[in-house]
């Protein structure tokens, strides 16, 4: 990677990315006008610097991409303009799943751009386009993570030719945040070309990292400092009407109308205040159901847009999917949100702050509650950070002689080396509740090492018996954990482009340090030249139950507390190439399970009539026999989904989920018309039935309209 790239050089700069310091794009100011029409014929595009050498990242990170690409940028006082030309002369259809915004990265030929506007190699913005012309926009955190639930107003136009496809973008500066007098950003361009089975980037990225890694960006330099950001204000009100009937309860049809709004105030170029009143999330896509034979609560990701911008400021403490003091889905799912506010952003180059306060209404089942979260993060060294979080859940209208609350404070250190090779986390959290018993701590540490061939990790966690994070997600309490992982990847770059073994060793102990559970996984994975993947895995488990457990639907029997089980499971899984119109993936497993045996198959099949119709079906069949006195259980979960994108503004999706384990058939159908930028009309229909007798459980229809005043 040494030397001068694309004919441009840059002198030493203490803030520039160390690895790609020679990759510099000079953004010239417009002399004329650019019409966003997908036709690159303006004089400013002739003047613009051409970034036209893309390095391969996958399947190997050596050499240039087979099919060339050209990127150009320019700007005026209001917006950044981007043009891309992706040459494509390989026979066959270009892969374009649909017109839907925030497309699935691996299922589309696409361009992604990553902007690090504060030069901290940790946070930023991402914009992109698929071959169909679908938009991609999201915020970046943790050095490479992209949250696609952030939307802003920007323009794009795409055109196709026999030997190339071309896009033009216009991204208003008011849509992103950057420092005062900003003149330089970090940037990288990434192309996924499924026809050549290659991922490539303008600034080289090692193959073990995503091209979104801000540690490996180049630099873009503007001719003049960018305009000072003005205070921005936008409000998105909604109108809603709906009807619902609960057949199980035997109640009459409930008709409702509602209004509410979300508002966004740009306090500064780097600080945003979000406000909401009486929010309604009827249009949010339903969760994909899974067969649950685990002893612990399932984790489902947050999908509500209000909670997602800068969400890492609140959700990245502890381990996000198993032990975190704040999980926004705890707010508003069992009682409507009445009002809320969130302040988040940066102070200077090294500090990030977040403050959230949400109040829920009182219902017949739940008291009114208030949730308050405060987070502060300080950048340490090049890419690491130190963070502090405080979470308070308070109950209203409790008896005068009673206090009901739950509080957690926590300190996290996030380690990220300059070259991304080392990654780690060290944290200590403590909860507080009425009576304040002892053992209310949660503590953890992890350290991972990753190169193109070798991956190593070590993990440690300890959670007290009385640790409670009611506004968080905690899978289990009262245990000590130690684990390790290791893997090695061979890169032959032939029909099999990489393959290798991996091992994971997880051990759980009770507070007296007696072993109560272990899970040892041994896997061998292969990736083929067409990006198909095949893996073989064996899992060995030991469990000493700390409570009664019933993984079946048998209400009269259970596995008793204190009983011990040693069992193993063999699995094989395959994922087909994503460039074919027909795609499939499947996993088949067979082995022992607690006191008996289990076998299951799960997977997904899909077919697309690109770019208009995408059909998928998720399938899970589980056959579990725990022996006497349990009855043998066999249940299906079948979930077909139809996603139609008539245009880049009109969408219709229908998701049916037949789940024998919970005796429910769910139908969810959603029509969306984006009649103005970030302004929508939704019509949502949902219905639930018993799978045994097909009697209706409940039914609802909602019509919702939003409009973005900016």
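Residue numbers (full-length UniProt numbering): 1 to 710. In this text, a Cβ means the ideal position worked out from N, Cα and C, and glycines have one as well. Nothing here was measured: the structure is a model prediction, and the numbers come from that model.
**Check whether residue 557 and residue 525 have beta carbons under 8 Å apart** = no
**Message:** As a quick exercise: from 216, 256, 151 and 179, pick the residue whose alpha carbon is nearest that of residue 143.
**Reply:** 216
**Prompt:** So, helix, strand or coil for residue 584, using DSSP?
**Reply:** strand
**Item:** Residue from 461, 453 and 451 with nearest C-alpha to residue 443
**Value:** 461
**Item:** Length at least 3, wholly inside the region 422-488: the beta strand (DSSP E) runs in chain order
**Value:** 422-432, 441-450, 454-463 and 479-488
**Request:** Give a yes or no on contact between the region 59-67 and the region 178-187, applying the rule of three or more CB pairs nearer than 8 Å.
**Result:** no
**Request:** Decide if residue 645 is buried, meaning its Cβ has at least 16 other Cβ atoms within 10 Å, or exposed.
**Result:** buried
**Item:** Cross-strand partners of residue 264 (DSSP beta bridge)
**Value:** 234 and 274
**Message:** For the region 345-360 against the region 489-504, do three or more pairs of beta-carbon atoms, one drawn from each stretch, fall closer than 8 Å, so that the two count as touching?
**Reply:** no
**Prompt:** Where does the unbroken alpha helix (DSSP H) through residue 369 begin, and where does it stop?
**Reply:** Note, residue 369: premise wrong, no alpha helix (DSSP H); beta strand (DSSP E) at 369-380.
**Item:** Residue burial classification, residue 16 (beta-carbon count within 10 angstroms, cutoff 16)
**Value:** Low confidence applies here, because residue 16 scores a pLDDT of 49, under 50, leaving its location unreliable; read the following figure in that light. Answer is buried; the Cβ neighbour count reaches 16.
**Prompt:** Where does residue 1 sit, in a helix, a strand or coil, going by DSSP?
**Reply:** In this prediction, residue 1 has a pLDDT of 35, which is less than 50 and means its spatial position is unreliable; what the coordinates show is noted afterwards. Reduced to three states, the DSSP call for residue 1 is coil.
**Prompt:** If we ignore side chains and look at the alpha-carbon of each, how far apart do residue 13 and residue 57 end up?
**Reply:** Reliability fails at residue 13, whose pLDDT of 41 lies under 50, so the model's placement of it is uncertain and no value is given.
**Asked** Between which two residues does the beta strand (DSSP E) containing residue 315 stretch?
**Response** Counting along the chain, residue 315 falls outside any beta strand (DSSP E), though it belongs to the alpha helix (DSSP H) covering 312-315.
**Message:** What does DSSP give as the partner residue(s) for residue 86 in the beta ladder?
**Reply:** 69 and 165
**Message:** Residues in the same chain with beta-carbon distance under 6 Å from residue 244, minus the five sequence neighbours each way, listed in chain order, please.
**Reply:** 254 and 700
**Message:** Just verifying my parser: in three-state terms, what is the DSSP assignment at residue 107?
**Reply:** helix
**residue 43, enclosing alpha helix (DSSP H) - first and last residue** = 43-47
**Backbone CA spacing between residue 348 and residue 684 [nearest angstrom]** = 43 Å
**Message:** Can you give me the C-alpha to C-alpha distance between residue 705 and residue 100, rounded to a whole angstrom?
**Reply:** 19 Å
**Prompt:** Who are the near neighbours of residue 7 in its chain, counting only those whose CB is closer than 8 Å to its CB and skipping five residues on each side?
**Reply:** Any reading at residue 7 is ruled out, since the residue's pLDDT is 33, under 50, leaving its predicted position unreliable.
**Asked** When the Cα atoms are used, what is the spatial distance from residue 265 to residue 367?
**Response** 31 Å
**Request:** Kindly identify the DSSP beta-bridge partner or partners of residue 19.
**Result:** In the DSSP output, where bridge partners are listed per residue, residue 19 has none listed.
**Message:** Suppose the cutoff is 6 Å on Cβ atoms and the five residues either side in sequence are ignored; what does the same chain contact list for residue 199 look like?
**Reply:** 57, 58 and 192
**Message:** From the DSSP secondary-structure annotation, give me the bridge partner or partners of residue 664.
**Reply:** 659
**Asked** Which partner residues of residue 711 appear in the DSSP bridge assignment?
**Response** A question about residue 711 goes unanswered here, because the residues of the chain that appear run from 1 up to 710.
**Message:** I need the DSSP call for residue 708, collapsed to helix, strand or coil.
**Reply:** coil
**Spatially closest choice to residue 170 from 378, 383 and 35, by CA coordinates** = 35
**Request:** State the DSSP-derived secondary structure class of residue 58, mapped to helix, strand or coil.
**Result:** strand
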